[in-house]
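For reference, each letter of the sequence shown is one residue, going 1 to 319 in the numbering used here.
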Amino acid sequence: MKNKPVVGISGCLTGAAVRFDGGHKRMDFVTNSLAPWVTYKPICPEVAIGLPVPRPALRLIQTTCGDIRMRYSHAPHDDLTERMNAFTDRFLPTIGELAGFIVCAKSPSCGMERVRLYDEKGNRGRKAGTGLFTAAMMAAHPWLPIEEDGRLHDPVLRENFIARIFALHELNALRAQGLSRHSLLAFHSRYKLHLLAHHQAGYREIGPFVARLHEWDDLDAFFVRYREKLMAILRHPASRKNHTNVLMHIQGYFHRALNSRQRAELREVILGYRAGRLPILAPLTLLKHYLAEHPDDYLRTQNYFEPYPDTLGLRLAIT
């Protein structure tokens, strides 16, 4: 695959022995299933700031004034926060090409959520923290798809994350080629059904925004706002209800082309999916078949049918 999405990743998830104990957290989906379709940019923030392998464990300390600090578990006064902050300040401006980032769960540097917090006396507190590196990345690039390894075992979250990666990759490529009103409108048109499946309110809000594109003299400024809105919509996993609405909308395009038996069969398959008796692939496969037999210029452009390479098989696991 040419021009693969570039995906940042915590180095330990690729099998690199960079964890505090000298081990790794190699993830099969990352190294086998996804690897042929993306280019990884691995980083271990703790090694990047000069810490050795192995090294004493780190933890997040919530001070009495509410600040979050990163310190050694065995030496709670040996503070590494400023070193990590200095690294992120240097590193984050270099990741504009990234289409996503996979981080290591529970890590005081990389964890995305529910990282254990401790008080200054070493008492265990709530699982309510975010690793310093990931927190800075989320603040600097709120539109960037970020997911952690543990959550990627969930089929719905995994499919959603990969769809976002490929969407942002395509959008980044649009910018790299040189923005035009035509290319931006064509991109949005391709993603209409995909957006509708993810968040109906967001879909209705972004439409009028795009319709006012002619009012923008600075296309890059429009791009930045559009990227923010697009990725916020796609952050919502597509629901069964929204998928059903999209499938029925697509069904309408074939009303005249199909005979009564075919229309009834298609409706039953869609309703079977809505009721949870059939996987999403059942109506999608039938609709693709009818689209091949009865081409429609609009539907043929829709990213909804293949938001990422089909060979990843992500929709196979979605019921």
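Glycine residues also receive a C-beta, built at the ideal position from the N, C-alpha and C atoms.
Under DSSP, D310 shares a beta bridge with no residue. Using a C-beta cut-off of 8 Å, the segment 279-287 makes contact with the segment 232-252, since at least three inter-stretch Cβ pairs fall below that distance. The distance from the Cβ of D154 to that of M27 is about 13 Å, inconsistent with a contact at the 8 Å cut-off.
Collapsing the DSSP output to three states places P56 in coil. Taking all protein chains in view, the Cβ of A136 is crowded by 16 or more other Cβ atoms within 10 Å, so the residue is classified as buried.
Distance from G111 to V103 at the Cβ level is roughly 7 Å; contact confirmed, criterion being Cβ atoms closer than 8 Å. For S73, DSSP records no beta bridge to any residue. At a Cβ-Cβ threshold of 8 Å, H198 and H236 count as neighbours. Taking C-beta atoms under 8 Å as the contact rule, G11 and C44 qualify, at a distance of about 4 Å. Under DSSP, the beta-bridge partners assigned to S10 are I43. Taken atom to atom, the span from the alpha-carbon of S109 to that of P5 is near 24 Å. Relative to the Cα of A99, the nearest Cα in the group I9, A48, L193, H188 belongs to I9. Around the beta-carbon of A163, 16 or more other beta-carbon atoms lie within 10 Å, marking it buried. About 7 Å separates the beta carbons of P56 and S73, which is inside the 8 Å limit, making them a contact pair. By the neighbour-count criterion, in which a residue is buried when 16 or more other Cβ atoms sit within 10 angstroms of its Cβ, Q251 is buried. Between M70 and L132, the C-beta spacing is below 8 Å. The Cβ atoms of Y226 and D296 do not sit closer than 8 Å to each other. Between Y273 and T244 the beta-carbon gap is near 7 Å, inside 8 Å, which marks them as a contact. Distances from the alpha-carbon of V18 to those of L51, K106, Q62 put L51 closest.
According to the DSSP assignment, A140 belongs to no beta strand (DSSP E) but to the alpha helix (DSSP H) extending over 132-140.
Annotation: P76 to M84 spans about 16 Å, alpha carbon to alpha carbon. Nearest to A167 by C-alpha distance, out of V269, S107, E306, is E306. C-alpha of A221 to C-alpha of N160: approximately 27 Å in a straight line.
The straight-line gap separating the alpha-carbon atoms of G22 and A201 is approximately 47 Å. Look at R126 here: in three-state DSSP terms it is strand.
Per DSSP, R204 lies in no beta strand (DSSP E); the unbroken alpha helix (DSSP H) holding it starts and ends at 200-211. As computed with DSSP, L117 is found in a beta bridge with L60. Rounded to the nearest angstrom, the gap between the Cα atoms of V38 and W143 is 19 Å. The continuous alpha helix (DSSP H) containing A186 extends over residues 181-190.
Non-local beta-carbon contacts of T134 in its own chain, meaning distances under 6 Å to residues more than five positions away in sequence, involve V103, C110, M112 in chain order.
With fewer than 16 other Cβ atoms inside 10 Å of its own Cβ, V224 counts as exposed. When the beta-carbon positions are compared, H194 and N303 come within less than 8 Å of each other.
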